[in-house]
Structure formats: C-alpha cells, structure tokens
Amino acid sequence: MSNSSELQIQRRKFQPVLPEVLQKGAAYVKPKKGNSTKSIADQKKIKEIFENTYGLPEVSFVKGANQSVSKKAVRIGVVLSGGQAPGGHNVIAGLFDGLKKANKNNELIGFLGGPSGIVENKYKLITEKLLIDYRNTGGFDLIKSGRTKIETGQQFENTKSNCKKLDALIVVGGDDSNTNAALIAEYAKKENMDLCVVGVPKTIDGDLKNSHIETSFGFDTATKIYSELVGNICRDVNSAQKYWHFVRLMGRSASHITLEVGFKTQPNIVLIGEEILAKKYTLAKVIDNITDVIVKRAKLGKNFGVALVPEGLIEFIPEMKELISALNDALASNAQELSKISSIEEKKEFIFKKLPSKLSELMQSLPAGIASQLMLDRDPHGNVQVSLIETEKLLIEMIQKKLGALKKEEKYKGKFSAITHFFGYEGRCGIPSNFDANYCYALGYNAAVLALNGFTGYLSSVRNLTKPSKQWVCGGIPLTMMMNVERRHGKDKPVIQKALVDLKGKPFKELVKNRDKWALSESYIFPGPIQYFGPSEVTDLTTKTLQYEQK
Ligand code: FBP
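Each residue of the sequence shown is one higher than the one before, starting from 48 at the first, in my numbering.
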C-alpha cells in the first residue's frame, strides 16, 4: 500500500501472540463440548424461532491431535458488519492464518461492504499479498462494512445461493449483526445447507459481553484514544481555567465507554445512563445534578470543569425513553404518509398528532433542533441514531436556563462558558492497541478453528483477558444462549441482549467511590497516546473496566 506512515511500516512487523492452545494450529486443537444451554430469557419463544440451533453446548478448546480438520480444503467467507472497530483487519488476518495453517489450499473470501455484499454476491479473495498492508492496522477498509440486515425472504434466498460454495460464513459484528448471524445459522440448518455460521464479538461500545464474552474488540483502543483526547482537554481546562467542556462519547445503548474514559481521566462529572434510568431521573433532575456541581465549583472560584456524557443518555431518561419508543412505533406505522412529506417541520407537525398528548407536549418542549434529530431515520435494526443527536447541546441549553434562574435568586454568582465535543468516529478506526491486535487475531484464528470443526451458531470466545495473551482461554458460545425478546420496529424480535453498565458491578462501584472527590477537585489524569513500543507496563495495559471486573 502506498502512503504508509513510518509507524504503520513498523507496526506491520508486529506478530500477535496467540493463546497457547491455538499456537500449533487447528490440527492440534480438540473441541470439548459442555452441557446444552438455554437462552438468558424468553426460552420458549427463542426455542420456537431457533428450532435447529437452540440448546447447543458450550465448546472449549484443549490441546490434542485433530488432523481431520486439515484433510479437505475449505472455502470460507467473512463479512464485517456494523460500525468500525479497531482490529477488524486482524480478525481477518487471524482467520486467514488459521485456515492456511490447517491446509494451504483453504480459501478465504471477504464479502464487500457488509452483509449487502453477501446478498449481492460482491466479494474478493483474500491473499497474503493483499493482507500484508492491513495487518495490525485500524479501519475496515480491506473489505469495508455496512449495516444491511438480512431479513427478507429474497435476501435469505440470495444468501443461500451466494453461500452455496462456502463451508462457513464468519460474521464480525455487534449484538444486532450477531443476532443476524444466528438467524442465518438457523436458516442454513433448516434449508439443509452445508454452511457453518460463526460470529466474532465486535463493537467499540463494549455492550456485547456476558459471563462468557469478557469484552468486544475495539473497546480497548477506542477508549484509549478518547481518553487521550479527554485528558488533553482536562489539561487545557486546568491551564486556562475558564471553560466547562461537555464531551459526548459514543456508545449508543450503554455507558461503558464513558465509564472507562472516566476512570482513565477522572473528570468532574461522569454521567452514566444506566444509573439515570434505574433512579428514574427526569431530564430536569439530570440538569439539577449537573448544575449542583457547577454551582459548588463556582463557589470555590472554579468556573471550569469537564463533564462526560454518554451518547445514549437521552434514551436512558425515562420520559425520553418513552417518547423515543412511541416515536419509533409512530414513525414505523406511518412510514408511507411520512415519505410523502418533504419538510421536517411538517413531518414533526404530523407526528405530534400521532403521539399520546403527554409525549407530544414533551417533544414540543424540546429545542427544535433536538426534536428534529429525534425524527431522523432509524438504522436497519430499528435503533435511533443517537450519534446524530446533540445531547450535550440540549444539556447546556437547559443548564444555562437553570443557572440564569439561580442567578436571579442570588444562589449563583459564577460565569458559565461551555464548549461541546463529540468523540466517536475519531476512535473507531485507530491503529489497534497491542491488546486489540492480539485479541482480534486470536478471535479470528479461533473462529477458523470453530468453523473447521463444523460448529455453527456460535460466537468466537477468547477469555482470561487480563492475563498475557498466551494464557487466554478459547472456545465457542452458542449465539442463542445470549438472546431474549425485545421490541424493534414496533414488533417483538429475538435479539442478543445488550450488556449495560451493571450498577452492582465493581467498575460502577469504583466510580461511585470516587466521583464526589473528582467533582470538586482537579484529580485529572492525562493518559497520553496509545503506546505501541516500549515497556510492557504501558504497551500491554488492558482496560480499567476489565481490571476491576476481574479483581
Ligand atoms: P456497532 O454497534 O455496529 O459496533 O456500532 C456502534 C457505534 O459506533 C455507536 O457507538 C454509534 O452510535 C454508531 O455506531 C454510529 O453508527 P454509524 O457508523 O452508522 O454512524
């Protein structure tokens, strides 16, 4: 590849360290099956939908001869699905190397542009020559990504004919994409296709995890990048002492990113959506809490600070959650009429009338820009695109009003000058940290071993992640095991349950222990950029979240 940076040239030479069990290749890995499993909730419904793939056993890998996997050459397809996450290219590299090690005639093809590449049969053959420039790099640009959901009968039929010559399909994605992978695995069984479907847990949001999947890839690198930026802002704040910075951080449905960046930088305010939901805080209460810190700091002569806001915050505030859910249904059931209206103002007028009056009033009370942003198209999985909603601006507008009122009552004498930031896309394609480079390579290699052994409907699982990568534990977790039924696009659907911040978990408790001190002091930490070379203390650190969880 032309235009390689010096770092990229050096980084290409990095050789990920595989877990010991995988090091000699698939022919020396034996799968051990555990007990059969059940879904985390709604068992009857999930079993009905996944009649061929429900109840599969967990699989763990141990060392042992398994030459049969090398006998016949196989052809496997890989697709990158959903938002980018650092390390995707290493998943492909791990898959490629795992397949070639088992049998040099094995082939890997990459479907182009996400799941639509499967439906439209657009793909490229992955070769070492092609891959070499992408090893240990960020981005998904080798085969690109997309958010198409395979759901119509026609899309499934296309998948069937376009995967006819494949032995396995590897879906690299988040909870929605892996739900789709589970549906394809089930369909393939029903249709007697000889196709294994294996998922790989990806998302910077960190919300695809459970007792068997410790973290999704990309979370480590993305949070390190955001922490560098937030740390720099903290230092600027502490130097100039004149602004309040409101930083919205990606993480659509969960606040893991905000929590992790909070640990790494120790700003004055860290909002956690899950807590707001659990405590049923209204928007007014959220504003009161933030304002309280601003007023207290102002009394200390500190008219500055840093606040972290998870991008999904708006969906956690109960009244807003109710509004968004009603809006989702109203938008879905009136899609045809709405498509005939071109102006956003008229669309809003139309929708106001379709909502229950309480919610209609709430929507009309929001700043016009925010109300318009709430109307934007849902993604193909039915989610509101919270990355497009400027929650931090909504907060600032309301804080200004509140401070104005307090000033009149002579309860506040400070000066509030606010600056907003949104960090999301900045972190999704960063050069993967050593952790993500190793983890992604292991996840890909492990997915190849699962597929070569004929496992279908599984998620590649690599655990024990706070230990050096050699000691990581490998296997597969049935996708149906992580499912429950949720409402999407106005309908009940089987989906992999998102992991939200656990308010009883050790990471959240750690925040609670420290946040009052962080609020009024300048306990800021400045983590600096990701280190790829140097002492292992700085190059091989895992996330604080994992460290606290596994303490
Ligand atoms: P995935 O769940 O697909 O990994 O994507 C997560 C995410 O990065 C969110 O944090 C963000 O809200 C969303 O993608 C943005 O989506 P898009 O790339 O379509 O703008």
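All C-beta atoms, glycine included, are put in the ideal place defined by N, C-alpha and C.
Can you find a heavy atom of the ligand FBP that lies under 7 Å from the Cβ of residue i?
i, result
"I361", "no"
"A132", "yes"
"D252", "yes"
"S471", "In the sequence under discussion, the amino acid at residue 471 is Gly, which differs from the Ser named in the question. Yes."
"G429", "no"
"R23", "As displayed, the chain neither begins before 48 nor continues past 598, which places residue 23 out of reach and without an answer."
"E307", "no"
"M240", "no"
"K458", "no"
"G537", "no"
"V433", "yes"
"G186", "no"
"E557", "no"
"M528", "no"
"E358", "yes"
"G221", "yes"
"D426", "yes"
"R475", "yes"
"K249", "yes"
"G129", "yes"
"R194", "yes"
"G298", "yes"
Residues bridged to residue i by DSSP?
i, result
"V585", "Bridge partners of V585: none, in fact."
"P427", "Paired residues: none, contrary to the question."
"G124", "I156, L216"
"G193", "S128"
"N531", "V542"
"G352", "W291"
"P104", "S83"
"P525", "Y505"
"K171", "G157"
"L296", "P357, F470"
"K553", "Answer is none; K553 lacks a bridge partner."
"K110", "V76"
Hey, could you find the ends of the alpha helix (DSSP H) residue i is sitting in?
i, result
"L54", "53-58"
"A498", "481-499"
"V138", "135-149"
"S117", "115-118"
"P515", "No alpha helix (DSSP H) holds P515; DSSP gives it neither H nor E."
"K94", "90-96"
"G164", "163-166"
"N205", "200-209"
"Y181", "No alpha helix (DSSP H) holds Y181; DSSP gives it neither H nor E."
"L447", "Going by the sequence as given, residue 447 is Gln instead of Leu. Element bounds for Q447: 438-455."
"M367", "365-380"
CB-CB under 7 Å to residue i, same chain, minus the five flanking residues each way: which ones, in chain order?
i, result
"L423", "Q432, L435"
"K256", "T262, S263, A546"
"G185", "P133, C476, G477, I478, P479"
Quick one: what's got a C-beta closer than 6 Å to residue i's C-beta in the same chain, skipping five residues either side?
i, result
"G220", "S128, G129, K249"
"L34", "Outside the shown range of the chain (48 to 598) lies residue 34, about which nothing can therefore be said."
"S117", "A74, A149, N150"
Of the residues the options, which one's Cα is nearest the Cα of residue i?
i, options, result
"S115", "M297, G501, Q420, K236", "G501"
"Q578", "N113, R299, A484", "A484"
"D223", "K540, F555, Y234", "K540"
"V284", "E569, T586, P582", "E569"
"G141", "N183, E322, K119, R58", "N183"
"L242", "L442, F399, I93, L213", "L213"
"K237", "K454, K207, I217", "K207"
"N153", "R425, K77, V548, I173", "I173"
"I417", "A495, V126, I391", "I391"
"I272", "K311, S300, H292", "K311"
"L442", "I139, S583, L355", "L355"
Would you mind reading off the limits of the beta strand (DSSP E) that contains residue i?
i, result
"P63", "Where P63 is concerned, there is no enclosing beta strand (DSSP E), given that its DSSP letter is neither H nor E."
"P248", "243-248"
"H468", "465-470"
Kindly list the residues whose CB is nearer than 8 Å to the CB of residue i, restricted to its own chain and excluding five residues on each side of it in sequence; keep chain order.
i, result
"L324", "F363, I364, P365, K368"
"T589", "D267, F482, L512, T513"
"L526", "T100, N225, T226, A228, A229, A232, G246, G504, Y505, L506, I543"
"A377", "I398, K401, L402"
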